[in-house]
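J.:
Protein chains: 2
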Amino acid sequence: MVRPDGTVLHEERHPTLAARGPEAVTENILEIAAGLAARAENPIAVGIAVPGVIDEENGVAVWSSNVGFRDVPLRKLLTDRLGLPAALGHDVRVGGLAEARLGAGRGQRYVLFVAIGTGIAAALVVDGKTYGGAHGAAGELGHIVVRPGGTPCPCGARGCLEAVTSARSIGRRYAEISGNPEATAFDVVGRLDQDPAARQVWQEAVDALADGLLTAQALYDVDVLVLGGGLAEAGEALLEPLRGELEKRLTFHRMPRIVKAELGDTAGCKGAALLALDHLEKA
Amino acid sequence: MVRPDGTVLHEERHPTLAARGPEAVTENILEIAAGLAARAENPIAVGIAVPGVIDEENGVAVWSSNVGFRDVPLRKLLTDRLGLPAALGHDVRVGGLAEARLGAGRGQRYVLFVAIGTGIAAALVVDGKTYGGAHGAAGELGHIVVRPGGTPCPCGARGCLEAVTSARSIGRRYAEISGNPEATAFDVVGRLDQDPAARQVWQEAVDALADGLLTAQALYDVDVLVLGGGLAEAGEALLEPLRGELEKRLTFHRMPRIVKAELGDTAGCKGAALLALDHLEKA
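Protein chains in written order, with numbering that gives the first Met the number 0: chain A, 0 to 282; chain B, 0 to 282.
1. What are the partner residues of A/Val223, as DSSP defines its beta bridges?
2. Nearest-angstrom Cα distance between A/Thr25 and B/Met254?
3. Consult DSSP for A/Thr283 and reduce its assignment to one of helix, strand or coil.
4. For chain B, check one thing: does any of its Cβ atoms lie closer than 7 Å to the Cβ of A/Tyr173?
5. Just to make sure I have the definition right: I need the residues of chain A whose C-beta is within less than 9 Å of the C-beta of B/Phe251. Which are they?
6. Any C-beta of chain B sitting closer than 7 Å to the C-beta of A/Asp220?
7. The alpha helix (DSSP H) with A/Val188 in it runs from where to where?
8. Who are the neighbours of B/Ala217 on chain A, taking C-beta pairs under 7 Å?
9. Reducing DSSP to helix, strand and coil, say where A/His142 ends up.
10. State the start and end residues of the unbroken beta strand (DSSP E) segment that holds B/Asp54.
11. Quick one: is A/Gly20 buried, meaning 16 or more other Cβ sit within 10 Å of its Cβ, or exposed?
12. Check the Cβ-Cβ distances between B/Thr164 and every residue of chain A, and say whether any is below 7 Å.
13. Hey, does A/Ala39 have any beta-carbon neighbour from chain B nearer than 7 Å?
14. Compute the beta-carbon to beta-carbon distance between B/Arg157 and B/Thr150, rounded to the nearest angstrom, for a pair I have assumed lies under 8 Å.
15. Could you say if the segment 72-80 of chain A and the segment 227-243 of chain A meet the contact criterion of at least three C-beta pairs nearer than 8 Å?
16. Mind checking whether B/Ala271 and B/Gly46 have CB atoms under 7 Å apart?
17. What are the boundary residues of the beta strand (DSSP E) that B/Ile47 is part of?
18. For B/Ala236, list the residues DSSP reports as bridge partners.
19. Residues in the same chain with beta-carbon distance under 8 Å from B/Leu83, minus the five sequence neighbours each way, listed in chain order, please.
20. Chain B beta carbons: is any one of them nearer than 7 Å to that of A/Ala133?
21. Starting from B/Arg69, trace the beta strand (DSSP E) both ways and give me its first and last residue.
22. Short of 6 Å in beta carbon distance, which residues of its chain neighbour A/Glu22, apart from the five on each side in sequence? Order them along the chain.
23. Tell me the rounded alpha-carbon separation between B/Glu232 and A/Gln216.
24. Cβ closer than 8 Å: which chain B residues qualify as neighbours of A/Arg100?
25. Tell me which residues of the segment 108-135 of chain A have at least one Cβ-Cβ distance to chain B shorter than 7 Å, keeping chain order.
26. Using a beta-carbon distance below 7 Å, is A/Thr78 in contact with chain B?
27. Helix, strand or coil: how does DSSP classify A/Arg12 here?
28. If we call anything under 7 Å between Cβ atoms a contact, is B/Thr129 one with B/Arg92?
29. Measuring alpha carbon to alpha carbon, tell me which residue in B/Leu29, B/Val221, B/Phe185, B/Arg198 is nearest A/Ala136.
30. At a Cβ threshold of 7 Å, is B/Thr214 touching chain A?
31. Identify whether A/Val1 lies in helix, strand or coil by the three-state DSSP scheme.
32. Within this structure, are the beta carbons of A/Glu244 and A/Ala197 separated by less than 7 Å?
33. With A/Gly138 and A/Ala162 assumed to form a contact (beta carbons below 8 Å), what rounded beta-carbon distance in angstroms separates them?
34. Quick one: give me the first and last residue of the beta strand (DSSP E) that B/Gly270 is part of.
35. Identify, in the order they occur along the chain, each residue of the same chain with its Cβ nearer than 7 Å to the Cβ of A/His9, setting aside the five sequence neighbours on each side.
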């Protein structure tokens, strides 16, 4: 429950129940939303954000690999159940919306929010509006090829940025080198001071990320890059070498500011609320 | 001289006089524009497009390597000389604007115009408006790295798309292989049927272009790619293998249509006129 100014009044966390299939996930979402609406004093709109390919204009979750959505008309289902105007957004894009308007990108016109966790995705926000592209599939920074012929990516290509620099890929690479199959990206960051192998894995990840961000800057030309997701929790251990590597690679491009996201994992909820309010204004 | 509907009433071509320096180029532009304005029956606005980094909002040519502009307030100079409202745009972006609204992209909401000539640059046009980025430097598709560590690019980096697939780079590569120092990209296209070396150079260029367009599609997600510039004159000899190579590389991305630009080298003038009219509407 979020006020128009972004203040969070009440927060709940529930598992998605993805293992039970997309119908169960949808029913789960509708139940939780109805519960929140019933708690609210004067609810005016509901916003929801999900991963995958989203048709924001028609309010349909077109496709999601981890939840299993296939053309689910979530916005209509929400409006029918709750009797409130609803908006549907993409998880990373609404996160970017919140960071751009309420978080680390506020005051800047051109913001690229880059979420690095299990995967990598980006959201361009210009003058407080997200850019989704023709099919809601813009910003797939994790799937630009930075190492041609490199590590296979689950998407089917090779050498995608996500196959090198996601938290999962960093953990896997360190597990290979260190011989500890349980190793994670957090171990890498924690051992930079004492383990050359950790430093090597980190440097590879930072190099690939700088390559990817250079491409993003060449095409998007933003004022500021806001790094979020689990990996950004590494803070300056990530940002400082990243700034250096990006600076090295720039030729005529303008160097963007590189900052850490401020809203943590509430960005998605706040962004969904902003989207719902924007939707009200348009209607 | 262009009507609001895009009809060209009168056309003149003049050399830029770049060898005489940026002041001479500026004076030359002002003279020619004044001449055109004097010929027009009821001139209402003037639009101008130049290469390089452009600050469209303030009407300033910030930087151009081939003309030598450094912070030239072209819009103000034009308005002062002609007594007409003026707009300043970027050559490739206004070309994209014209192709999106009057040419091969008409009827489509998300258009990426890709100009391939001596260099390579792209312009994203959404709902008939160009995207310039924070510093007027967006769309630098020619300078995304597709061959890490590859051929040096004049920009200072290595393996830029432009260093492989521009008409100049294709000609240079064929000159190397064929031993004919005068060879051009046109020779490559003309000899595809009889010369395996021409086929090899062409395939390398198409491969790199498909790699670059895959990245562009991952970040921009457009409906249609409109290919212009000298190289696009190759027509289906370029478009047909390019569609195949892009299709091969797509994993979850949506395949955009790939079409040839329709307006040829009048796109820049028509786009400059559209920009001037848009500018009038805003004012």
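Cβ coordinates follow ideal geometry from the N, Cα and C atoms, glycine included.
T.: On the basis of the supplied data:
1. Looking up residue 223 of chain A in the first sequence gives position 224. Note: A/Val223 sits in a beta bridge opposite A/Val110, A/Arg256.
2. By one-based count along the first sequence, residue 25 of chain A stands at place 26. By one-based count along the second sequence, residue 254 of chain B stands at place 255. If you take the alpha carbons of A/Thr25 and B/Met254, they lie about 29 Å apart.
3. Nothing about residue 283 of chain A can be reported from this structure: the residues present for chain A run from 0 to 282 only.
4. Within the first sequence, residue 173 of chain A is the residue found at index 174, counting from 1. So, not an interface residue.
5. Within the second sequence, residue 251 of chain B is the residue found at index 252, counting from 1. Result: Val52, Trp62, Ser64, Ala136, Glu139, His142, Cys154, Gly155.
6. The residue given as residue 220 of chain A occupies position 221 in the first sequence. True, the Cβ-Cβ gap to chain B drops below 7 Å.
7. Start at 1 with the first residue of the first sequence, and residue 188 of chain A comes out as number 189. Segment 184-189, the alpha helix (DSSP H) holding A/Val188.
8. Numbered from 1 along the second sequence, position 218 holds the residue referred to as residue 217 of chain B. Simply Glu139, His142, Ile143.
9. Numbered from 1 along the first sequence, position 143 holds the residue referred to as residue 142 of chain A. A/His142: helix per DSSP, three-state reduction.
10. As a position in the second sequence, residue 54 of chain B is number 55, starting the count at 1. Where B/Asp54 is concerned, the enclosing beta strand (DSSP E) stretches over 52-54.
11. Numbered from 1 along the first sequence, position 21 holds the residue referred to as residue 20 of chain A. Exposed is the call here.
12. Position 165 of the second sequence, counting from 1, holds the residue named residue 164 of chain B. No - not a single Cβ of chain A is within 7 Å of the one on B/Thr164.
13. Start at 1 with the first residue of the first sequence, and residue 39 of chain A comes out as number 40. Taking Cβ atoms only, chain B never reaches closer than 7 Å to A/Ala39, which makes this a no.
14. Numbered from 1 along the second sequence, position 158 holds the residue referred to as residue 157 of chain B. Numbered from 1 along the second sequence, position 151 holds the residue referred to as residue 150 of chain B. The pair is a contact, with the Cβ atoms about 7 Å apart (cut-off 8 Å).
15. The segment 72-80 of chain A, when compared against the segment 227-243 of chain A, does not touch it at the 8 Å Cβ threshold.
16. Working through the second sequence from its first residue, we reach residue 271 of chain B at position 272. Working through the second sequence from its first residue, we reach residue 46 of chain B at position 47. Yes, these two residues count as a Cβ contact at 7 Å.
17. As a working mapping, residue 47 of chain B is identified with position 48 in the second sequence. B/Ile47 -> beta strand (DSSP E) spans 45-49.
18. Looking up residue 236 of chain B in the second sequence gives position 237. B/Ala236 pairs with nothing; no bridge assigned.
19. Here residue 83 of chain B corresponds to residue number 84 of the second sequence, with the count starting at 1. Excluding sequence neighbours, B/Leu83 sits near Ala36, Pro42, Ile43, Ala44, Val45, Leu77.
20. As a first step, residue 133 of chain A must be located in the first sequence, where it is residue number 134. Yes, A/Ala133 lies at the interface with chain B (some Cβ there is under 7 Å from its Cβ).
21. The count along the second sequence starts at 1 and reaches residue 69 of chain B at position 70. Its beta strand (DSSP E) spans residues 69-71.
22. As a working mapping, residue 22 of chain A is identified with position 23 in the first sequence. No residues qualify anywhere along the chain.
23. Here the question's residue 232 of chain B lines up with position 233 in the second sequence. Here the question's residue 216 of chain A lines up with position 217 in the first sequence. Approximately 29 Å between the Cα atoms of the pair.
24. Translated into positions along the first sequence, residue 100 of chain A becomes position 101. Those within 8 Å of A/Arg100 in chain B number zero; the least Cβ separation is about 17 Å.
25. Arg108, Tyr109, Gly132, Ala133, His134
26. In the first sequence, residue 78 of chain A corresponds to position 79, counting from 1. Cβ-Cβ to chain B under 7 Å: no for A/Thr78.
27. For the purposes of this step, residue 12 of chain A is taken as the residue at position 13 of the first sequence. In this structure, A/Arg12 counts as coil in the three-state DSSP scheme.
28. Numbered from 1 along the second sequence, position 130 holds the residue referred to as residue 129 of chain B. Numbered from 1 along the second sequence, position 93 holds the residue referred to as residue 92 of chain B. In contact: B/Thr129 and B/Arg92 (Cβ atoms closer than 7 Å).
29. One-based indexing of the first sequence puts residue 136 of chain A at position 137. Nearest C-alpha to A/Ala136: B/Val221.
30. Within the second sequence, the letter at position 215 stands for residue 214 of chain B. Judged by the 7 Å Cβ criterion, B/Thr214 is in contact with chain A.
31. Start at 1 with the first residue of the first sequence, and residue 1 of chain A comes out as number 2. Under the three-state reduction of DSSP output, A/Val1 falls in the strand class.
32. Here the question's residue 244 of chain A lines up with position 245 in the first sequence. Here the question's residue 197 of chain A lines up with position 198 in the first sequence. Not closer than 7 Å, so no.
33. Translated into the one-based positions of the first sequence, residue 138 of chain A becomes position 139. Translated into the one-based positions of the first sequence, residue 162 of chain A becomes position 163. About 17 Å; that fails the 8 Å criterion.
34. The residue given as residue 270 of chain B occupies position 271 in the second sequence. No beta strand (DSSP E) holds B/Gly270; the alpha helix (DSSP H) holding it covers 266-281.
35. Taking the first residue of the first sequence as 1, we reach residue 9 of chain A at position 10. The residues are Met0, Arg38.
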